[in-house]
Amino acid sequence: MKQRVSALLREKFGREVVLEKPRDRSFGHFATPIAFSMAKELRESPMKIAEELASSFNESDFFSSVDSVKGYLNFRLSENFLSDYAAWALDNPDDFAKQEKNERILLEFVSANPTGPLHIGHARGAVYGDTLYRLARHLGYDITAEYYVNDAGNQIDLLGLSIQLYGRENILKESVEYPESYYRGDYLAPLAKNAVEKFGKEILSDDSRQKELALWAKDGVMEIIKNDLADTKVFFDTFVYESSLYADWDRVMAKMGEGVYEKEGKLFIASSQKGDDSDRVVVREDGRPTYLAGDIVYHNQKFERGYDHYINIWGADHHGYIARVKAAVEFLGYESSKLEVQLSQMVSLLKDGEPYKMSKRAGNVILMSDIVEEIGSDALRFIFASKKSDTALEFDISEFKKQDSSNPIFYIQYAHARIKTILSKSDLSEDEIMSATLKNLDDNADMLMFDALLLPEIIEDAFSSRQVQKLPEYLKSLAASLHKFYYDCRIIGTEDEAKLLKLLMVVGLSLRTGLSLMGITAKDYMTKEED
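Here the working numbering is used: the first residue of the sequence shown is 65, the next is one more, and so on.
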């Protein structure tokens with residue numbers, strides 16, 4: 065709706081027009097402050113300009129009224145327009161709120177090291193990234209979801225050591241002295257057991273085979289990670305392994321040109337020339353590449369694939385890393401403006417007001433799988449999508465287990481189920497309901513239909529601003545409007561039963577579509593603790 069109104073006004077006025085929703089719904093569906101922006105140019109008061117602009121609108125299929133209010137132009141959409149749009153949406157539910165964007169995007173997210181199960185911090189980035197991905201696909205973007213597997217470096221070596229230590233203590237029954245840094249958790253048990261079956265017990269005692277063990281084990285850990293993600297309906301189109309990139313090292317370093325230099329036996333990137341605080345080490349004195357080295361080769365590979373835009377979702381602790389990666393992109397000859405980095409903050413969990421206990425199975429973190437098991441995938445996805453990703457998030461999982469209106473995901477799900485229940489109580493056929501016209505609605509019904517048909521604008525805004533929390537906020541507001549309408553308006557057995565049920569079907573479509581874009585399946589039936 066907003067796009068069509070914007071296009072009409074842009075054509076009429078010959079300029080871009082800002083559209084807003086009036087705070088007072090009685091003023092109409094949309095408003096624009098265009099008269100204020102034209103006041104200086106025309107040397108007239110905004111109120112006079114707005115009055116003249118309002119009077120310039122003749123009868124239109126789009127608007128039932130165009131009024132001037134204190135310098136603003138207020139537009140009320142016509143019954144014909146709203147009724148036709150709602151009918152089209154119900155006839156074409158799979159196309160509702162879809163667009164055809166002509167842009168190719170590569171979206172990288174999660175990218176947790178393949179050294180252990182995903183923890184709750186990873187879950188936030190996973191939900192944020194997957195929701196962006198779903199929104200983009202719905203809007204018609206050609207988008208690829210990619211997981212960058214950091215399977216090289218010290219963290220992988222540490223995996224081999226950790227499996228050996230676990231195996232020596234629990235399989236060989238040896239006394240083991242653990243170092244300060246090692247991985248712990250029950251996930252090591254099957255890895256150690258399977259390693260013995262594949263390589264023999266000697267793999268646990270031979271320090272020279274730690275690397276071999278680690279490279280084998282990382283694939284098993286990746287299966288754990290993929291299963292954890294699948295349990296929350298997060299899937300990837302492609303996986304790129306860091307270990308596969310170094311064959312291209314010499315070519316990429318040559319491409320970097322004067323962007324890299326040697327000093328004191330180390331290789332540096334001259335990132336300070338591109339706005340970084342200082343130059344950064346790419347290769348250490350002993351010849352081992354740093355984490356940044358792999359990222360340089362990876363981003364070269366990314367850009368060589370020719371996408372229009374690249375989005376990385378990183379943990380907030382990587383904030384200082386952005387400048388050096390963008391510097392590398394520039395030295396490689398690409399536009400760093402095409403690389404966008406979104407940050408995901410960590411999460412604090414409570415249970416009944418107390419800090420959530422760390423998992424015994426994980427050793428020292430809260431596992432994503434534990435939370436999914438306790439509150440379900442739907443609740444977890446809703447929680448992590450409901451607040452800006454770059455702000456701290458604290459929540460009490462007990463609140464999201466309640467079966468009442470205090471639980472926002474239950475509140476929205478119950479709205480959809482309520483619609484299904486009302487429809488099931490009607491003696492009217494679906495054809496009778498669908499053939500009803502959505503005209504001559506009272507103000508409450510009119511605004512409910514308008515709110516339901518706003519979903520396309522919400523989806524585009526949520527994606528373009530990268531603020532996916534706008535979608536659950538909208539769904540919660542729409543659910544509240546539906547519940548209020550249910551209590552205020554009798555439906556079954558009235559003269560307007562058919563068109564009111566059709567209106568509820570439009571609301572149900574928006575709730576169902578919005579939840580789907582959050583990776584949540586709308587429910588048709590629910591019980592409630594209190595009404």
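Even for Gly, the Cβ is constructed at its ideal location relative to N, Cα and C.
None of the values given here were measured: they were computed from a predicted structure.
- Under the DSSP assignment, K66 falls in the alpha helix (DSSP H) whose first and last residues are 66–77.
- Under the three-state reduction of DSSP, F139 is assigned to strand.
- Here L539 is buried: its Cβ has 16 or more other Cβ atoms, across all protein chains shown, within 10 Å.
- In this structure, D194 keeps its C-beta atom at 8 angstroms or more from the C-beta atom of G440.
- Partner residues in a beta bridge of S541, as assigned by DSSP, do not exist.
- Boundaries of the beta strand (DSSP E) harbouring E458: 457–460, taken from the DSSP string.
- Linking N122 to E524 through their CA atoms gives a straight-line distance of about 30 angstroms.
- For I377, the enclosing beta strand (DSSP E) begins and ends at 373–379.
- In the three-state reduction of the DSSP assignment, Q219 falls in the helix class.
- Residue environment analysis places V82 among the exposed positions, since fewer than 16 neighbouring C-beta atoms fall within 10 angstroms of its C-beta.
- Counting along the chain, Y211 sits inside the beta strand (DSSP E) bounded by residues 206–213.
- In this structure R188 does not touch S450 by the C-beta definition: roughly 11 angstroms separates them, more than the 8 angstroms allowed.
- One alpha carbon belongs to A500, the other to T485, and they sit about 20 angstroms apart.
- Going by DSSP, D283 is part of the alpha helix (DSSP H) stretching over 274–295.
- The C-alpha of I555 is placed about 7 angstroms away from the C-alpha of L565.
- For the pair G180 and G224, the CB atoms are not nearer than the 8 angstroms cut-off.
- Within the segment 455–539, the complete beta strand (DSSP E) segments at least 3 residues long are 457–460, listed from N- to C-terminus.
- Note on geometry: alpha-carbon atoms of S342 and A318 lie some 22 angstroms from one another.
- In the three-state reduction of the DSSP assignment, L146 falls in the helix class, which pools H, G and I.
- Taking C-beta atoms under 8 angstroms as the contact rule, Y362 and V304 qualify, at a distance of about 7 angstroms.
- Contact between G92 and S120 fails: their C-beta atoms lie close to 17 angstroms from each other, not under 8 angstroms.
- Per DSSP, the beta-bridge partners of S408 are G379.
- In this structure, Y374 is the residue among Y374, R107, N234 with its C-alpha nearest to the C-alpha of L403.
- When DSSP reads this structure, Y325 sits in a beta bridge with F332.
- Shown here, F303 sits in a strand according to DSSP, grouped into three states.
- For D131, the uninterrupted beta strand (DSSP E) segment begins and ends at 127–133.
- Rounded to whole angstroms, the separation of the alpha carbons of R79 and T591 is 52 angstroms.
- The DSSP-derived three-state label of R554 is coil.
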